[in-house]
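Student: Handing you a structure now.
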Amino acid sequence: MATILTGQDLTLTIDGNTFDAQTISTTFTYTNNREVLETLDGPVYKTLTFEYTLDVNMYSDWGTTSSLCEALSSAALSTPDTSLAFTLVAVGPNATTTVSGNVFPEVPPMSGDGPNASSITFTLTGDRNTTPTIAAV
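Counting from 180, one number per residue, gives the positions in the sequence shown under the numbering used here.
Below, the structure written as structure tokens:
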């Protein structure tokens, strides 16, 4: 039987401050960069590196108190090579799963759509020096 996960919650820590943004959706993607080495005994698989990303779709909060967009922008412009801690929580009917790791800051896009709530989408690249953890709670 399939398990349906809901209730994603993303928390980012920037300069010691915790941001629990109004995310619409968040996707964590992990990719192994694996080579296949052919030997006399057959193929051998070797993971050389790994990459991960955090795709964030959220309501824009530019100009508000404790703005995630402004904190990300400030971090990206002042310390772009310093990664930020994140935790993503997904809730299922029988369990909760968390993914934690570090991502590099980016300047989020800014957009507007008349009287409608402005939503933005951006990707944060994972710090390959920090292996993400995935844990069922």
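Glycine included, each C-beta is placed from N, C-alpha and C at the ideal position.
Do Arg213 and Tyr224 have their C-beta atoms closer together than 8 Å?
Tutor: Start at 1 with the first residue of the sequence shown, and residue 213 comes out as number 34. Start at 1 with the first residue of the sequence shown, and residue 224 comes out as number 45. Against a cut-off of 8 Å, the Cβ pair of Tyr224 and Arg213 comes out as a contact.
Student: Please state if the CB of Thr309 and the CB of Asn281 are separated by a distance shorter than 8 Å.
Tutor: Reading the sequence shown from its first residue, position 102 is the one you call residue 281. Reading the sequence shown from its first residue, position 130 is the one you call residue 309. Result yes, Cβ atoms of Asn281 and Thr309 sit closer than 8 Å.
Student: Which residue or residues does DSSP assign as beta-bridge partners of Asp292?
Tutor: As a position in the sequence shown, residue 292 is number 113, starting the count at 1. In DSSP, Asp292 forms a bridge with Asn295.
Student: Pick out whichever of Ser253, Asn211, Tyr238 has its Cα sitting closest to the Cα of Phe283.
Tutor: On the sequence shown, residue 283 is found 104 positions in, with the first residue counted as 1. Measuring from the Cα of Phe283, the nearest candidate turns out to be Ser253.
Student: When you compare only the Cα positions, how much space is there between Thr300 and Leu216?
Tutor: As a first step, residue 300 must be located in the sequence shown, where it is residue number 121. As a first step, residue 216 must be located in the sequence shown, where it is residue number 37. Answer to the nearest angstrom: the Cα atoms are 38 Å apart.
Student: Output the distance between the C-alpha atoms of Thr312 and Cys248, rounded to the nearest integer angstrom.
Tutor: Taking the sequence shown and counting its residues from 1, the one referred to as residue 312 is at position 133. Taking the sequence shown and counting its residues from 1, the one referred to as residue 248 is at position 69. Distance between the alpha carbons of Thr312 and Cys248 is about 25 Å.
Student: With contact counted as at least three CB pairs below 8 Å, one residue from each stretch, are the stretch 289-296 and the stretch 262-272 in contact?
Tutor: No, because fewer than three Cβ pairs between the stretch 289-296 and the stretch 262-272 fall closer than 8 Å, the two stretches do not touch.
Student: Since I believe Gln187 is in contact with Ala269 (beta carbons under 8 Å), could you give me their beta-carbon distance rounded to a whole number of angstroms?
Tutor: The residue you call residue 269 lines up with position 90 of the sequence shown. The residue you call residue 187 lines up with position 8 of the sequence shown. Yes, Ala269 and Gln187 are in contact; Cβ-Cβ is about 5 Å, under 8 Å.
Student: What is the C-beta distance between Thr205 and Leu219, in whole angstroms, given that I count them as a contact (C-beta under 8 Å)?
Tutor: The count along the sequence shown starts at 1 and reaches residue 205 at position 26. The count along the sequence shown starts at 1 and reaches residue 219 at position 40. With a Cβ gap of about 46 Å, Thr205 and Leu219 do not count as contacting.
Student: Residue range of the alpha helix (DSSP H) that Glu285 falls in?
Tutor: Position 106 of the sequence shown, counted from the first residue, corresponds to residue 285. No alpha helix (DSSP H) holds Glu285; DSSP gives it neither H nor E.
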